[in-house]
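First the structure, in the form of structure tokens, and then the observations on it.
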Amino acid sequence: DGGITQSPKYLFRKEGQNVTLSCEQNLNHDAMYWYRQDPGQGLRLIYYSQIVNDFQKGDIAEGYSVSREKKESFPLTVTSAQKNPTAFYLCASSIGRGRDTQYFGPGTRLTVL
Amino acid sequence: EDKVVQSPLSLVVHEGDTVTLNCSYEVTNFRSLLWYKQEKKAPTFLFMLTSSGIEKKSGRLSSILDKKELFSILNITATQTGDSAVYLCAVERNTPLVFGKGTRLSVIA
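Just so you know, the sequences run in chain order A and B. Numbering follows my numbering, in which position 27 of the first sequence is assigned residue number 27; successive positions increment by one, without gaps. Throughout, my numbering is defined as the position within the second sequence, counted from one, plus 1000.
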């Protein structure tokens, strides 16, 4: 059963705490992406990785960090430096070669209290 | 700065109506334009458009791209309540996708 999984579905944290969101794919995709979605907004790119052990900042990388130690996994850490972390976070992956389509995981809704 | 603008931002129609959603873009190094449907959680892929004037169809949905005027439209005919969703337009550049804010479509019985 191929796909992209994100966990947890809902996450609550206190202000000032770092939190890590999980994203795993078994599609054998090279590229993975993290987006943030706020109410009434489109998706904004946080970080992306086109190959293992390499990643680039997206449009809103400040206050976030990522790692890509394995092809299947691209965890996102929301640090205490992120001023407004409450949002819906979506992970996506794509084949990564040429013109390819991104496929999305189910998302994690993070609420910082 | 690259940008993608969708209109209208929201739309309410009755079942059976036909709707047209718009997406205009200003992007350097354009590669393709994609449409996604987002119901509750993950966006699901609808179409990828790379060439002007070639309509893509899937059931009651169709889409076309105009690379000269820099826009795309998504048509939905004979709308059903199950078409209620946010429709996202995204443009692929040399770096990853840039998304519009989406159009929220509500279809009422």
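Beta carbons are placed, not taken as given, at the ideal position from N, Cα and C, and that holds for glycine.
For this session: Can you say whether ARG36 of chain A is buried or exposed, counting buried as having 16 or more other CB atoms within 10 angstroms of its CB?
Result: By 1-based counting over the first sequence, the position of residue 36 of chain A is 36. Burial call: buried.
For this session: Might you give, ordered along the chain, the residues of its own chain that have their beta carbon closer than 6 angstroms to the beta carbon of GLU24 of chain A, omitting 5 neighbours on each side?
Result: Position 24 of the first sequence, counted from the start, is the residue given in the question as residue 24 of chain A. Counting only Cβ-Cβ distances below 6 angstroms, and skipping sequence neighbours, we find THR5, GLU72 and SER73.
Exercise. Would PHE12 of chain A be called buried (16 or more neighbouring beta carbons within 10 Å of its own) or exposed?
Worked result: Translated into positions along the first sequence, residue 12 of chain A becomes position 12. Its Cβ having fewer than 16 others within 10 Å, PHE12 of chain A is exposed.
For this session: Reducing DSSP to helix, strand and coil, say where ASP54 of chain A ends up.
Result: Here residue 54 of chain A corresponds to residue number 54 of the first sequence, with the count starting at 1. Looking at ASP54 of chain A - three-state DSSP - the assignment turns out to be strand.
Exercise. With C-beta atoms as the reference, is THR1018 of chain B less than 8 angstroms away from ASN1075 of chain B?
Worked result: As a first step, residue 1018 of chain B must be located in the second sequence, where it is residue number 18. As a first step, residue 1075 of chain B must be located in the second sequence, where it is residue number 75. Yes, the pair counts as a contact, with Cβ atoms nearer than the cut-off.
For this session: Flag this pair as yes or no: are the beta carbons of SER80 of chain A and HIS29 of chain A separated by less than 8 angstroms?
Result: For the purposes of this step, residue 80 of chain A is taken as residue 80 along the first sequence, with counting starting at 1. For the purposes of this step, residue 29 of chain A is taken as residue 29 along the first sequence, with counting starting at 1. Result no, Cβ atoms of SER80 of chain A and HIS29 of chain A do not sit closer than 8 angstroms.
Problem set entry | Inter-residue Cα distance where the pair is ALA87 of chain A and ARG109 of chain A | Position 87 of the first sequence holds residue 87 of chain A. Position 109 of the first sequence holds residue 109 of chain A. For ALA87 of chain A and ARG109 of chain A, the distance between alpha carbons rounds to 6 angstroms.
Problem set entry | First through last residue of the beta strand (DSSP E) which encompasses SER67 of chain A | Within the first sequence, numbered from 1, the residue matching residue 67 of chain A stands at position 67. Where SER67 of chain A is concerned, there is no enclosing beta strand (DSSP E), given that its DSSP letter is neither H nor E.
Exercise. To which residues of the same chain is THR111 of chain A closer than 8 angstroms at the C-beta, ignoring the five residues directly before and after it?
Worked result: Position 111 of the first sequence, counted from the start, is the residue given in the question as residue 111 of chain A. If we look at THR111 of chain A and ignore the five residues flanking it on each side, its Cβ neighbours are TYR10, LEU11, PHE12, ARG13 and THR86.
Exercise. DSSP puts SER1062 of chain B in a beta bridge; with which residues?
Worked result: On the second sequence, residue 1062 of chain B is found 62 positions in, with the first residue counted as 1. DSSP lists B:LYS1057 and B:ASN1075 as partners of SER1062 of chain B.
Exercise. From the beta carbon of THR110 of chain A, is the nearest beta carbon of chain B less than 8 angstroms away?
Worked result: To locate residue 110 of chain A, count along the first sequence from 1; it is residue 110. In the sequence as presented, Thr is not what sits at residue 110 of chain A; that position holds Leu. LEU110 of chain A does not count as touching chain B.
Problem set entry | 8 angstroms Cβ cutoff, LYS1056 of chain B in contact with chain E | Going by chain labels, chain E is absent from the structure shown, which instead holds the protein chains A and B.
For this session: Would you kindly work out how many angstroms separate the C-alpha atoms of ALA31 of chain A and VAL52 of chain A, rounded to a whole number?
Result: Here residue 31 of chain A refers to the residue found at position 31 of the first sequence. Here residue 52 of chain A refers to the residue found at position 52 of the first sequence. Whole-angstrom Cα-Cα distance: 9 angstroms.
Exercise. What first and last residue would you give for the beta strand (DSSP E) that runs through LYS1003 of chain B?
Worked result: The sequence position of residue 1003 of chain B within the second sequence is 3, counting from 1. It spans 1003-1007 - the beta strand (DSSP E) in which LYS1003 of chain B sits, taken as one unbroken run.
For this session: Closer than 8 angstroms, Cβ to Cβ, to anything on chain A: give me those residues from the region 1092-1108 of chain B, in chain order.
Result: GLU1092, THR1095, PRO1096, LEU1097, VAL1098, PHE1099, GLY1100, LYS1101 and GLY1102
For this session: Please determine, among B:SER1024, B:PHE1071, B:SER1084 and B:GLN1006, the residue with the shortest C-alpha to C-alpha distance to HIS1014 of chain B.
Result: Your numbering for residue 1014 of chain B matches position 14 in the second sequence. The shortest Cα separation from HIS1014 of chain B among B:SER1024, B:PHE1071, B:SER1084 and B:GLN1006 belongs to B:SER1084.
Exercise. Going by the beta-carbon positions, is the gap between VAL1004 of chain B and ILE1108 of chain B smaller than 8 angstroms?
Worked result: For the purposes of this step, residue 1004 of chain B is taken as the residue at position 4 of the second sequence. For the purposes of this step, residue 1108 of chain B is taken as the residue at position 108 of the second sequence. No; because the gap between Cβ atoms is not below 8 angstroms, this pair is not in contact.
Problem set entry | Bridge-paired residues (DSSP) for SER49 of chain A | Here residue 49 of chain A refers to the residue found at position 49 when the first sequence is read from its first residue. The partner list for SER49 of chain A (beta bridge, DSSP) reads A:MET32.
Exercise. Based on Cα-Cα distance, which residue from B:ARG1093, B:TYR1025, B:LEU1097 and B:GLN1006 lies nearest to GLY40 of chain A?
Worked result: For the purposes of this step, residue 40 of chain A is identified with residue 40 of the first sequence, where counting begins at 1. Here the closest residue by C-alpha is B:GLN1006.
Exercise. Using a beta-carbon distance cut-off of less than 7 angstroms, what residues from the region 1018-1044 of chain B approach chain A?
Worked result: ARG1031, SER1032, LEU1034, LYS1041, ALA1042 and PRO1043
For this session: Could you check the C-alpha separation between LEU43 of chain A and ASN18 of chain A for me, to the nearest Å?
Result: Numbered from 1 along the first sequence, position 43 holds the residue referred to as residue 43 of chain A. Numbered from 1 along the first sequence, position 18 holds the residue referred to as residue 18 of chain A. LEU43 of chain A and ASN18 of chain A: Cα-Cα distance of roughly 22 angstroms.
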